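Numbered by my numbering, the letters in the sequence shown go through residues 1 to 282 in order.
Before any comments, here is the structure.
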Amino acid sequence: MKEAVYYSGSAEFFDTHAHIYSNRYEKEGNTSVEDVLQRCRASGVTSVLIPADNEYTSKASVDLANRLDGFSGVTLYASVGVHPHEAKDYTDDTEKFLRDCLEHRSEKKIMALGEIGLDYYYDHSERNIQREVFEKQLILAYEYDIPFILHERDATGDCLDILRRFYKEGRLRSLPGVCHCCSCSLEASQELVKMGFYLGFDGPITFKNNKKTPEVALNTPWDRIVIETDSPYLTPEPNRGLLNEPCHVPFVCEKIAEIKGVTIDEAARITYDNGKKLYGVD
């Protein structure tokens, strides 16, 4: 069985996107969330934002961010929202739930709305429903003045059309949020940056056959880059093939440092500060 490799330097990292409530850790990795957090701290990962997919995982995110915040020296933050896969189940009650969460976001450590967006790769929800639910949540993000986590897969055209319209109507914050696991073209990524977005880079940037994402990272200003794992998915090299954890985010940072021609310590410092600015944390 492949043994995991861990970062052993002195830098500190902010994993801005990790689904650490996933039951895959217990079922496939025979490990607990507490173990995951201990490995975080041992690898220099001192902050983690836990994104949500639906009402159930929104509650799980908030629970973990409050119950285990500070465990093993790791600061946790939550988000709430409905992923495009789950758009078909979005109801008035769902929106009521999200509004209640956002109205009490400070006490619940909710720093973002999301993941929200469009996913035409799987089409688990009809595309017209995805677009409708995306727009509803964009309105919530603007109304409650909170950044959102954008999920976009094989839907760049429609996604940008919606965002352009909101941008022109003045219904996006000056810092709208982050394009999570950025996989769009260089041109699309630059348009997102002009709208004020951060771009999140994950394990695929380390894959040898991935030429597009490194080019996007190279041409993205430093003040718009954050690092993510999307745990338990998208494990970076050299641990590809293993269950992903936030402790692997240093390898994403290391690759970005290589692309940008700086040290991993410098890349870690910049992306950590960017994560704090993105989510408005001290």
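Note that beta-carbon positions come from the ideal geometry of N, C-alpha and C, so glycine has one too.
These numbers come from a predicted model, not from an experiment.
### Query
Which class does residue 119 belong to by DSSP, given the choice of helix, strand or coil?
DSSP, reduced to helix, strand and coil, places residue 119 within a strand of the structure shown.
#### Entry: residue 60, buried or exposed, once every other Cβ within 10 Å from all chains shown has been counted against 16
In summary, residue 60 is buried, with 16 or more beta-carbon neighbours lying within 10 Å of its beta-carbon over all protein chains present.
### Message
Which residue marks the beginning of the alpha helix (DSSP H) containing residue 153, and which one marks its end?
### Response
DSSP places residue 153 in no alpha helix (DSSP H) but in the uninterrupted beta strand (DSSP E) bounded by 148–153.
#### Entry: Cut-off 8 Å between Cβ atoms - residues of its own chain near residue 263, not counting five sequence neighbours on either side
Excluding residues within five positions, the ones whose Cβ falls inside 8 Å are 257.
### Query
Between which two residues does the alpha helix (DSSP H) carrying residue 177 extend?
Not the alpha helix (DSSP H): residue 177 falls in the beta strand (DSSP E), residues 177–179.
### Message
Quick check on the DSSP output: what are the complete beta strand (DSSP E) runs of length 3 or more inside the region 63–90, in order along the chain?
### Response
Secondary structure remark: continuous beta strand (DSSP E) runs of at least 3 residues inside the region 63–90, in chain order: 75–80.
### N-terminal and C-terminal residue of the alpha helix (DSSP H) that residue 106 is part of
Unbroken alpha helix (DSSP H) run through residue 106: 105–108.
#### Entry: Proximity below 7 Å, CB of residue 124 to CB of residue 150
No.
### Task
Evaluate contact between the region 50–58 and the region 29–39, counting only Cβ atoms and requiring at least three cross-stretch pairs below 8 Å.
Segments in contact, no.
### Task
Using 10 angstroms around the beta-carbon of residue 78, count the other beta-carbons present and answer buried if the total reaches 16, otherwise exposed.
Its Cβ being crowded by 16 or more others within 10 Å, residue 78 is buried.
### Query
Are there 16 or more other CB atoms within 10 angstroms of the CB of residue 250, so buried, or fewer, so exposed?
By the Cβ neighbour-count rule, residue 250 is buried, with 16 or more other Cβ atoms within 10 Å of its own.
### Query
Pick from 215, 57, 21, 23: whose alpha carbon is nearest that of residue 101?
Nearest to residue 101 by alpha-carbon distance, out of 215, 57, 21, 23, is 57.
### Whole-number beta carbon distance between residue 219 and residue 186, since they are thought to touch under 8 Å
The beta-carbon separation of residue 186 and residue 219, rounded to 6 Å, stays under the 8 Å limit for a contact.
### Message
Between which residues of its own chain and residue 284 is the CB-CB distance below 6 Å, once the five residues before and five after are set aside?
### Response
This structure cannot speak to residue 284, because the chain is shown only from 1 to 282.
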